[in-house]
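Here the structure is laid out as structure tokens; the discussion comes afterwards.
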Amino acid sequence: MLIFPAIDLYGGKAVRLFKGDYAQMTVYHDNPVAVARDFVTAGATHVHLVDLEGARDGNTPNLGTVLAIKRECGLFCEIGGGVRSMEVVKRYIDAGLDRVILGTAAVSSPAFLREAVAAYGDKIAVGVDIKDGFVAVKGWTEKSSENALDFCQKMQEWGVKTLICTDISRDGAMRGANHALYRALKERFGMQIVASGGVSSMEDVTALTEMDLYGAIIGKAYYTGAIDLKTAIEVAK
Numbered sequence: 005m006l007i008f009p010a011i012d013l014y015g016g017k018a019v020r021l022f023k024g025d026y027a028q029m030t031v032y033h034d035n036p037v038a039v040a041r042d043f044v045t046a047g048a049t050h051v052h053l054v055d056l057e058g059a060r061d062g063n064t065p066n067l068g069t070v071l072a073i074k075r076e077c078g079l080f081c082e083i084g085g086g087v088r089s090m091e092v093v094k095r096y097i098d099a100g101l102d103r104v105i106l107g108t109a110a111v112s113s114p115a116f117l118r119e120a121v122a123a124y125g126d127k128i129a130v131g132v133d134i135k136d137g138f139v140a141v142k143g144w145t146e147k148s149s150e151n152a153l154d155f156c157q158k159m160q161e162w163g164v165k166t167l168i169c170t171d172i173s174r175d176g177a178m179r180g181a182n183h184a185l186y187r188a189l190k191e192r193f194g195m196q197i198v199a200s201g202g203v204s205s206m207e208d209v210t211a212l213t214e215m216d217l218y219g220a221i222i223g224k225a226y227y228t229g230a231i232d233l234k235t236a237i238e239v240a241k
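Pasting the structure below:
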């Protein structure tokens, strides 16, 4: 299983939100590139980047920081947050980013999603953010009418290769990952499943590794010291 340490970007800084609430934001580092360098030192090969301003507003205000991380650290970089047009997808991929994550747009603009998958294949992932069994959109501020599992089935039928699945109720709450959810997704779908939200202990890392998931994102647990990144990467191997 791959470990994706996460950097959530806001105002050019590395931050974390509590359950997606912009009013409950903690700044962990003023220099996200330095954070990414620390990931490399710990043995990371991949990084999960989220432009929180982009997720809320639909643009790419932290593009310069994202490109600096890719250029200076050489990690496999996946980026999400505010990707709502082919122009933005092309901007990221042309700049050398490895995978672009569609969230709100995958729900609201099926034609755009299918165009992106047709153009870029496995460089396109879909972020499925789940709130009370439904897919949440617009930086988790709204709940759509899409049933989460039905939506995942549709993504598989449309050729999506990678799903990044977040249980919003667990994100940043340090309550542990929703193991039952990820087990169900792994058993039901043939896509690469990435666990996100609530991965807060080595027990989580071990359990998700034993499920043979494709990947797990570690965010707040890294910043608070609850998970040692180097150890997690070794266990996940």
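Residue numbers (the working numbering): 5 to 241. Glycine included, every Cβ here is placed at the ideal spot set by N, Cα and C.
Would you mind stating whether residue i and residue j have Cβ atoms separated by less than 8 Å?
{"i": "L56", "j": "K74", "result": "no"}
{"i": "R103", "j": "E82", "result": "yes"}
{"i": "D208", "j": "A181", "result": "yes"}
{"i": "A165", "j": "M195", "result": "Reading the sequence as shown, one finds Lys at residue 165 and not Ala. Contact: yes."}
{"i": "L67", "j": "V87", "result": "no"}
{"i": "I168", "j": "V198", "result": "yes"}
{"i": "F116", "j": "Q160", "result": "no"}
{"i": "L6", "j": "D12", "result": "no"}
{"i": "V121", "j": "G163", "result": "yes"}
With DSSP collapsed to three states, give me the class of residue i.
{"i": "P65", "result": "coil"}
{"i": "G202", "result": "coil"}
{"i": "G58", "result": "helix"}
{"i": "A118", "result": "Per the sequence presented here, residue 118 reads as Arg, with Ala not at that position. The answer is helix: DSSP assigns R118 an H, G or I state."}
{"i": "L101", "result": "coil"}
{"i": "K94", "result": "helix"}
{"i": "A225", "result": "helix"}
{"i": "A236", "result": "helix"}
{"i": "G125", "result": "helix"}
{"i": "K241", "result": "coil"}
{"i": "A72", "result": "helix"}
{"i": "A48", "result": "coil"}
If you follow the beta strand (DSSP E) that residue i is part of, which residue opens it and which one closes it?
{"i": "L185", "result": "Not the beta strand (DSSP E): L185 falls in the alpha helix (DSSP H), residues 183–192."}
{"i": "T30", "result": "25–33"}
{"i": "A18", "result": "17–22"}
{"i": "D42", "result": "Run containing D42: none in the beta strand (DSSP E); it sits in the alpha helix (DSSP H), 36–45."}
{"i": "K135", "result": "128–135"}
Per DSSP, residue i forms a beta bridge with which residues?
{"i": "L53", "result": "I11, I83"}
{"i": "K147", "result": "A140"}
{"i": "Q160", "result": "BP columns for Q160 are empty, so no partner."}
{"i": "I231", "result": "I231 is not bridged to any residue."}
{"i": "T170", "result": "D133, S200"}
{"i": "L249", "result": "The structure shown does not extend to residue 249, since the chain spans only 5 to 241, so no value can be given for it."}
Looking at the secondary structure, which residues open and close the alpha helix (DSSP H) in which residue i lies?
{"i": "Y218", "result": "First-last for Y218: undefined, no H or E at that position."}
{"i": "T108", "result": "108–112"}
Three or more beta-carbon pairs under 8 Å between the stretch 87–101 and the stretch 36–46, yes or no?
-> Flag = no, the stretch 87–101 and the stretch 36–46 do not touch.
When the Cβ atoms of the stretch 216–227 are set against those of the stretch 193–206, are three or more pairs found closer than 8 Å?
-> The stretch 216–227 vs the stretch 193–206: in contact.
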